[in-house]
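Each residue of the sequence shown is one higher than the one before, starting from 171 at the first, in the working numbering. I have placed the structure first, in the form of structure tokens, so that the comments after it can refer back to it.
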Amino acid sequence: MFEELDPLLHQQLRLAVMSLLISVQEAEFTFLREKTGATAGNLSVQITKLKDAGYIEVTKGYKDNFPQTLCKITSLGLTAFENYVNALEKYIKK
Numbered sequence: 171m172f173e174e175l176d177p178l179l180h181q182q183l184r185l186a187v188m189s190l191l192i193s194v195q196e197a198e199f200t201f202l203r204e205k206t207g208a209t210a211g212n213l214s215v216q217i218t219k220l221k222d223a224g225y226i227e228v229t230k231g232y233k234d235n236f237p238q239t240l241c242k243i244t245s246l247g248l249t250a251f252e253n254y255v256n257a258l259e260k261y262i263k264k
């Protein structure tokens, strides 16, 4: 049988965010918005879902008097992403 895919990661924008964070470790909200082409509102909602699941850490602060939101993948998020990719590979090989 096919292995169940993580529904949290199966959504396109959340998968894109996780993929970007794996490659850069930590990224500003604006970087993620530019790379994904998502609206700020939609990206914010999806980041919150990933944060609530423990897949990413979100740190809010200021840089040069401007608000800054940093996102960083967690070890749980990395494991979930690896499991997701492994499950997808099993779909391809069947």
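C-beta: ideal position from N, C-alpha, C; glycine also.
When secondary structure is reduced to three states using DSSP, A197 falls in the strand class. The residues E173, L175, in chain order, have a CB closer than 7 Å to that of A257 in the same chain once the five nearest residues on each side in sequence are set aside. With a beta-carbon spacing of about 14 Å, V187 and T209 fall beyond the 8 Å limit used to define contacts. By the CB criterion at 8 Å, T244 and Y225 fall inside the cutoff.
Unbroken alpha helix (DSSP H) runs of no fewer than 4 residues, entirely contained in the stretch 191-242, are found at 199-206, 210-222, following chain order.
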